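Peer 1:
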Amino acid sequence: MIASIIIGALIFGYAALTLFKFFKKSKQGACAHCSIKDSCQTSCSSAIKK
Numbered sequence: 004m005i006a007s008i009i010i011g012a013l014i015f016g017y018a019a020l021t022l023f024k025f026f027k028k029s030k031q032g033a034c035a036h037c038s039i040k041d042s043c044q045t046s047c048s049s050a051i052k053k
């Protein structure tokens, strides 16, 4: 019984953490998700508006 509660809490905790990270990145814009954001020469806002 206790093990089930602990496992359930870990699963829901991890899901909450993952959602928190996702929403935090989504607020930063599209370039936050891009794998080449550090070396990108184009403006991210112009790439989104196309």
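Under my numbering, the first residue of the sequence shown is numbered 4, with each subsequent residue one higher.
Idealized CB from N, CA, C, for every residue including glycine.
Nothing here was measured: the structure is a model prediction, and the numbers come from that model.
Please classify residue 5: is it buried, with 16 or more other beta-carbons within 10 angstroms of its beta-carbon, or exposed?
Peer 2: As a working note, residue 5 is residue 2 in the sequence shown. Exposed: under 16 other Cβ atoms inside 10 Å.
Peer 1: For residue 14, count the other beta carbons within 10 Å of its own beta carbon; 16 or more makes it buried, fewer makes it exposed. Which is it?
Peer 2: Start at 1 with the first residue of the sequence shown, and residue 14 comes out as number 11. Under this definition residue 14 is an exposed residue.
Peer 1: Identify the continuous alpha helix (DSSP H) that holds residue 29 and give its terminal residues.
Peer 2: In the sequence shown, the residue the question calls residue 29 occupies position 26. Per DSSP, residue 29 belongs to the alpha helix (DSSP H) from 5–31.
Peer 1: Taking the C-alpha atoms as reference points, what is the distance between residue 9 and residue 20?
Peer 2: Locating residue 9 in the sequence shown gives position 6, where the first residue counts as 1. Locating residue 20 in the sequence shown gives position 17, where the first residue counts as 1. Distance between the alpha carbons of residue 9 and residue 20 is about 16 Å.
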